[in-house]
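Numbering (the UniProt record's numbering), first residue to last: 1 to 591. The structure under discussion appears below in the form of structure tokens.
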Amino acid sequence: MTTVDKPVDQIRAVRPYPARTGPKGSAIYRILTTTDHRLIGNMYLVACFAFFLMGGLMALLMRTELTKPGLQFLSTEQYNQLFTMHGTVMLLMYATPVVIGFANVVLPLQIGAPDVAFPRLNALSFWLFVFGSTVALGGFALPEGAADFGWTAYTPLTDATHSPGPGADMWALGLAVSGLGTILGAVNIITTVVCLRAPGMTMFRMPIFTWNTLVTSVLILLAFPLLTAALMALEVDRRFGAQIFNPANGGAILWQHLFWFFGHPEVYIIALPFFGIVTEIFPVFSRKPIFGYTGLVYATLAIAALSVAVWAHHMYATGAVLLPFFSFMTFLIAVPTGVKFFNWIGTMWKGHITFEAPMMFSVGFLVTFLFGGLSGIILASPPLDFHVTDSYFVVAHFHYVLFGTIVFATYAGIYFWFPKMTGRMLDERLGKIHFWLTFIGFHTTFLVQHWLGAEGMPRRYADYLGSDGFTALNIVSTIGAAILGLSVVPFLWNVFRSYRFGEVVTVDDPWGFGNSLEWATSCPPPRHNFSELPRIRSERPAFELHYPHMVERMRTEAHVGAQHESKEAESVRREPFTVGTHESSWNEDPK
């Protein structure tokens with residue numbers, strides 16, 4: 001008796017993507033020429049994470065330098081270049097474009113669109129971002145080094161006298177080009193949301209992530225052209241002696257007004273979409289609909305409106321701004337943010353919560369951003385701000401707000417949507433190791449910096465005296481930074497391993513309780529996202545598709561108040577909550 005091997009076609013491993021065909025180099029050619037919004041979104045995410053790693057390496061070098069008094073291995077000039085480019089990379093090369101990356105991957109799916117409105121413009125936006133960011137970082141390759149005047153670029157530090165090297169020019173021109181890519185990306189997002197929503201997808205049925213990304217794009221159109229104009233004026237000043245920012249003409253304060261009128265909306269440009277990400281995650285892992293959908297939308301609009309009225313709280317110490325007005329507006333902007341917290345907690349309240357990696361990072365976001373917001377309330381008060389301005393207290397506040405929002409929510413979004421992007425699940429055990437290393441490392445690094453600032457340690461100094469009493473807390477902060485740097489390792493290994501060998505997703509919704517439309521198509525989706533026109537009757541179309549027997553009960557609970565429900569409604573409400581496996585189609589009647 002002989003044995004016969006099975007034909008190759010029968011034993012080939014099942015993968016979410018078809019086998020690669022074409023000559024060598026075809027994948028690179030596809031990346032360079034693609035207009036597929038999901039591939040461009042993945043390219044944004046990869047490029048942004050590469051810049052994030054660069055910025056993190058710069059931060060580790062600075063923290064290591066500050067471990068003990070005296071200069072260890074960096075000169076003061078190198079330290080200045082590092083903190084300038086660290087802030088620039090993290091804010092303008094990671095935090096802002098990663099928003100557009102998530103929007104490219106998820107937003108067309110959430111509104112039932114086949115693609116973005118302008119696919120070629122989308123590709124151009126990405127390459128402008130990459131090219132401009134590379135130019136800005138290119139100063140490190142020059143003998144004179146990169147820009148060294150701080151990421152806020154205060155004049156007259158940026159003029160040709162104080163910063164004569166070409167690294168400063170590359171910084172200004174590179175950011176102008178990169179900013180143009182961001183502006184074009186925002187135009188594309190707005191047009192996509194306005195023009196390409198599927199039938200039935202009204203504005204108040206859009207997912208909160210889509211709402212927040214739309215509002216963010218409007219803020220980009222308000223803020224980034226101003227930054228581009230200011231950078232061009234700065235370059236004209238440096239190379240042609242235009243004297244626009246001459247201190248004798250009030251130019252130093254003029255730059256601060258221009259920069260911070262961009263800078264504070266920028267904080268919400270890079271916060272609102274991540275609010276949207278965690279708002280998508282909380283209902284799924286709480287097994288409940290989002291609490292206060294309409295309130296979340298109006299809170300987003302209120303934050304966007306107030307964000308352009310608080311820029312001068314960065315300028316209290318100049319003595320050139322109206323303190324009562326900007327202090328009051330800064331306190332006021334905490335109110336809609338508090339509404340969001342109330343709704344997030346209300347969503348989880350009495351829910352059937354499970355703590356998978358996306359939920360853990362979302363809860364980590366909630367805790368960290370809360371601490372950052374509370375220290376922001378302290379800084380909103382001019383008398384308190386005067387004592388800690390330009391100290392490590394401000395550094396700690398800034399990182400609690402931005403790292404707590406952007407990085408935690410970025411990780412949450414990647415763990416949440418990775419199966420939708422690749423057709424494979426990330427490893428849950430590695431995800432939880434990643435979370436705890438990130439959470440412990442972050443709080444160890446930055447919590448003590450509040451105390452350093454309160455004790456008087458100024459920001460941006462490369463050295464301090466042993467008699468200052470800062471050494472012990474700086475050692476703790478550096479140990480935390482090392483843990484934080486180490487936390488990236490399990491994440492990178494998880495992504496690499498899972499992309500190649502992870503569990504294959506064979507269902508539309510691997511989490512089981514997805515609400516928005518991206519969970520109503522395959523993982524990964526077909527080229528134009530949906531094989532048939534999606535059916536949308538509420539803000540939870542995917543959930544209604546997968547659990548059609550729940551629709552009537554959800555309608556009843558949504559429209560009948562607890563104090564005034566009829567006997568029929570009460571009987572429906574008291575039925576046991578069951579979620580079985582129900583196959584259905586967009587064209588079936590969900591009764």
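Ideal Cβ positions, reconstructed from N, Cα and C, are used throughout, including at glycine.
Checklist line | DSSP three-state assignment for Gly561, whether helix, strand or coil | finding: Reading the sequence shown from its first residue, position 561 is the one you call residue 561. Only weak support is given to the placement of Gly561: the predicted model assigns it a pLDDT of 48, under 50, and the value that follows is read from those uncertain coordinates. Three-state DSSP puts Gly561 in coil, outside helix and strand.
Note to self: Using a 10 Å radius around the Cβ and a threshold of 16 neighbouring Cβ atoms, would you call Val507 buried or exposed?
What the structure shows: As a working mapping, residue 507 is identified with position 507 in the sequence shown. Val507 should be labelled exposed.
Item checked: Delimiting residues of the alpha helix (DSSP H) encompassing Lys432 -> Here residue 432 refers to the residue found at position 432 when the sequence shown is read from its first residue. Per DSSP, Lys432 belongs to the alpha helix (DSSP H) from 428-454.
Item checked: Per DSSP, cross-strand counterpart(s) of Val504 -> For the purposes of this step, residue 504 is identified with residue 504 of the sequence shown, where counting begins at 1. For Val504, which the question treats as bridged, DSSP gives the partners Arg424.
Notebook entry, point to check: Which class does Pro143 belong to by DSSP, given the choice of helix, strand or coil?
Noted result: As a working mapping, residue 143 is identified with position 143 in the sequence shown. The answer is coil: DSSP assigns Pro143 none of H, G, I, E or B.
Item checked: Residues near Gly295 in its chain [Cβ-Cβ closer than 7 angstroms; skip 5 each side] -> For the purposes of this step, residue 295 is taken as the residue at position 295 of the sequence shown. Once the five neighbours on either side are set aside, the close Cβ partners of Gly295 are Val339, Asn343.
Item checked: Pair within 8 angstroms by beta-carbon distance, Ala176 and Met90 -> In the sequence shown, counting from the first residue as 1, residue 176 sits at position 176. In the sequence shown, counting from the first residue as 1, residue 90 sits at position 90. Taking 8 angstroms as the Cβ cut-off, Ala176 and Met90 do not qualify as a contacting pair.
Notebook entry, point to check: At what residue ranges does the segment 453-541 contain a whole run of the alpha helix (DSSP H), taking only runs of 4 or more?
Noted result: 471-486, 488-501
Note to self: Measuring CB atoms only, is the segment 128-140 touching the segment 223-243, in the sense that at least three cross pairs come out at less than 8 angstroms?
What the structure shows: no
Note to self: Just to check my reading of the structure: Pro382 and Ser327 have Cβ atoms closer than 8 angstroms, yes? What is that Cβ distance to the nearest angstrom?
What the structure shows: The residue given as residue 382 occupies position 382 in the sequence shown. The residue given as residue 327 occupies position 327 in the sequence shown. About 6 angstroms; that satisfies the 8 angstroms criterion.
Notebook entry, point to check: Under 8 angstroms between the Cβ atoms of Met206 and Ile281?
Noted result: Numbered from its first residue, the sequence shown carries residue 206 at position 206. Numbered from its first residue, the sequence shown carries residue 281 at position 281. Not closer than 8 angstroms, so no.
Checklist line | Separation of His352 from Met425, as counted between CA atoms | finding: Locating residue 425 in the sequence shown gives position 425, counting from the first residue. Locating residue 352 in the sequence shown gives position 352, counting from the first residue. Approximately 22 angstroms, taken between the alpha carbons.
Next item on the list: Spell out the partners DSSP gives Ser391 in its beta bridges.
Entry: For this step, residue 391 is matched to residue 391 along the sequence shown. According to DSSP, which records beta bridges pairwise, Ser391 is partnered with Pro458.
Next item on the list: Can you tell me which of the three DSSP states Trp349 falls into?
Entry: By one-based count along the sequence shown, residue 349 stands at place 349. It is coil, neither helix nor strand.
Next item on the list: Output yes if chain C places a C-beta closer than 8 angstroms to the C-beta of Ser522; else output no.
Entry: Of the chains in the structure shown, none is chain C; there is only one protein chain.
Check: What are the boundary residues of the alpha helix (DSSP H) that includes Gly41?
Finding: Mapped onto the sequence shown, residue 41 falls at position 41. That run of the alpha helix (DSSP H) goes 37-65.
Notebook entry, point to check: Going by beta carbon distance, what residues of the same chain come within less than 8 angstroms of Val278, once the five residues before and after it are set aside?
Noted result: Here residue 278 corresponds to residue number 278 of the sequence shown, with the count starting at 1. Only Trp344, Ser362, Phe365, Leu366, Ala409, Ala412 meet the Cβ criterion.
Next item on the list: Quick one: using the 10 Å Cβ neighbour count with 16 as the cut-off for buried, is Gly174 buried or exposed?
Entry: Translated into positions along the sequence shown, residue 174 becomes position 174. So Gly174 ends up on the buried side.
Note to self: Comparing C-alpha positions only, which one of Phe371, Ile377, Ala312, Pro119 sits nearest to Ala334?
What the structure shows: Looking up residue 334 in the sequence shown gives position 334. By alpha-carbon distance to Ala334, the top candidate from Phe371, Ile377, Ala312, Pro119 is Ile377.
Notebook entry, point to check: Expressed to the nearest angstrom, what Euclidean distance is found between the alpha-carbon atoms of Tyr298 and Asn212?
Noted result: Sequence index remark: in the sequence shown, residue 298 carries index 298 (1-based). Sequence index remark: in the sequence shown, residue 212 carries index 212 (1-based). Going by C-alpha positions, Tyr298 is about 10 angstroms away from Asn212.
Next item on the list: Along the alpha helix (DSSP H) that carries Met237, what are the first and last residues, could you check?
Entry: As a first step, residue 237 must be located in the sequence shown, where it is residue number 237. The sequence shown places Asp at residue 237, not Met. Start and end: 208-240.
Notebook entry, point to check: Contact check, Asn104 vs Ile40 under 8 angstroms by CB: the rounded distance?
Noted result: Against the sequence shown, residue 104 aligns to sequence position 104. Against the sequence shown, residue 40 aligns to sequence position 40. Contact holds; Cβ gap of about 5 angstroms.
Notebook entry, point to check: At which residues does the alpha helix (DSSP H) containing His257 begin and terminate?
Noted result: In the sequence shown, the residue the question calls residue 257 occupies position 257. From DSSP, the alpha helix (DSSP H) with His257 extends over 251-269.
Next item on the list: Starting from Asp159, follow the alpha helix (DSSP H) in both directions and report where the run begins and ends.
Entry: As a first step, residue 159 must be located in the sequence shown, where it is residue number 159. Careful: Asp159 lies outside any alpha helix (DSSP H) and carries neither H nor E.
Checklist line | Cβ-based neighbour list, Trp519, same chain, cut-off 7 angstroms, excluding 5 preceding and 5 following | finding: Residue mapping note: residue 519 aligns to position 519 of the sequence shown, counting from 1. Correct list, in chain order: Asp508, Asp509, Ala542.
Item checked: Under 8 angstroms between C-beta atoms of His314 and Gly276 -> Counting from 1 along the sequence shown, the entry for residue 314 is found at position 314. Counting from 1 along the sequence shown, the entry for residue 276 is found at position 276. No, they are not a contact pair.
Checklist line | Reduced DSSP secondary structure (H/G/I, E/B, other) of Met201 | finding: On the sequence shown, position 201 is the one that residue 201 refers to. Three-state DSSP puts Met201 in coil, outside helix and strand.
Checklist line | Helix, strand or coil at Lys288 according to DSSP, with G and I counted as helix | finding: Mapped onto the sequence shown, residue 288 falls at position 288. The answer is coil: DSSP assigns Lys288 none of H, G, I, E or B.
Next item on the list: With DSSP as the reference, label Val297 as helix, strand or coil.
Entry: Counting from one through the sequence shown, the residue named residue 297 turns up at place 297. Looking at Val297 - three-state DSSP - the assignment turns out to be helix.
Item checked: Distance, Val267 Cα to Thr67 Cα -> The count along the sequence shown starts at 1 and reaches residue 67 at position 67. The count along the sequence shown starts at 1 and reaches residue 267 at position 267. Their backbone Cα atoms lie some 29 angstroms apart in a straight line.
Next item on the list: Using a threshold of 8 angstroms, state whether the C-beta atoms of Leu45 and Val98 are closer than that.
Entry: Numbered from 1 along the sequence shown, position 45 holds the residue referred to as residue 45. Numbered from 1 along the sequence shown, position 98 holds the residue referred to as residue 98. It is a contact, given that the beta carbons lie within the stated cut-off.
Item checked: Among Tyr415, Thr318, Phe341, the one whose alpha carbon lies nearest that of Met360 -> Here residue 360 refers to the residue found at position 360 of the sequence shown. Considering only alpha carbons, the answer is Tyr415.
Next item on the list: Just the C-alpha distance for Gly346 and Ser286, rounded to the nearest angstrom, thanks.
Entry: Taking the sequence shown and counting its residues from 1, one reaches residue 346 at position 346. Taking the sequence shown and counting its residues from 1, one reaches residue 286 at position 286. As the crow flies, the alpha-carbon of Gly346 is around 10 angstroms from that of Ser286.
Margin query: Quick check on Pro336: does DSSP put it in helix, strand or coil?
Written below: The residue labelled residue 336 in the question sits at position 336 within the sequence shown. Helix at Pro336.
Item checked: Buried/exposed call for Val116, threshold 16 Cβ in 10 Å -> Here residue 116 is taken as the residue at index 116 of the sequence shown, counted from 1. Label assigned to Val116: buried.
Next item on the list: Report yes or no: do the segment 432-450 and the segment 480-488 share at least 3 C-beta pairs separated by less than 8 angstroms?
Entry: yes
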